[in-house]
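Right, one structure below, let's go through it.
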Amino acid sequence: MRRFSVYLVALTLIYAFVLASFHPWDLALGALLSAALLLAFRRFVFVAPPGESGLLRRALYAVPLCLAILHSILKGTWQVALVTLHLRPLSSPGIVAVPVGERTPAGVAFSALATTLAPGTFLVDVDWERGVMLIHTIDASDPEAVRREHEEFYRRYQREVFP
């Protein structure tokens, strides 16, 4: 119950800071919304299944994950800018089948989001029967490199936060 209270206060304060208002009605609404979120996601926030990370551990691993996503966005922006400015030819765009591997459905959804945030790549579809994500990329000349890059991202950054 103590953790619930701490999280409730923290989320309510974040809500107040975002609104830039500490009016009692705003705080009450923020507390109500925070409580609803905590109750709706209590399994994710308070109970870590065996072999899964707790919330604090996930939050700590989220920092390098966000930095890796930012790096991916900057790299993709640079590649797309070079092609758009005709400084690099658009020679081999295409779809690459990236194995889902040990990702959970939530992990696949997060991988899709992270992939789509970076310019030059986006998720086309997930073929659950074949166990692959179909990703369109601006440079599919080396499909194995694309697969390695996605697997490395998952293994190194994502697995601890969104398995």
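Mapping the sequence shown onto the working numbering, position 147 (from 1) lands on 144, and the numbers just tick up by one. The C-beta atom is built at its ideal place from N, Cα and C for all residues, glycine as well.
When only Cα atoms are considered, Leu114 and Ser18 end up about 31 Å apart. Within the DSSP secondary-structure output, His133 pairs in a beta bridge with Ile92 and Phe119. Looking at Ile135, Asp122, Val129 and Met130, the one whose alpha-carbon comes closest to that of Pro116 is Ile135.
Excluding its 5 nearest sequence neighbours in each direction, Pro160 has C-beta neighbours in its own chain below 6 Å: Thr101 and Gly104, listed in chain order. Spanning the alpha carbons of Ser138 and Val129 requires a straight line of approximately 19 Å. For Asp23, DSSP records no beta bridge to any residue. Distances from the CA of Glu157 to each of Pro96, Ala78 and Ala56 were compared; the closest alpha carbon is that of Ala56. Per DSSP, the beta bridge partners of Asp124 are Val129.
Under the Cβ criterion (8 Å, minimum of three pairs), the region 62 to 80 does not count as touching the region 119 to 133.
For Glu157, there is no enclosing alpha helix (DSSP H), as DSSP marks it with neither H nor E.
Cβ-Cβ separation between Leu131 and Val121: approximately 4 Å, consistent with a contact (criterion under 8 Å).
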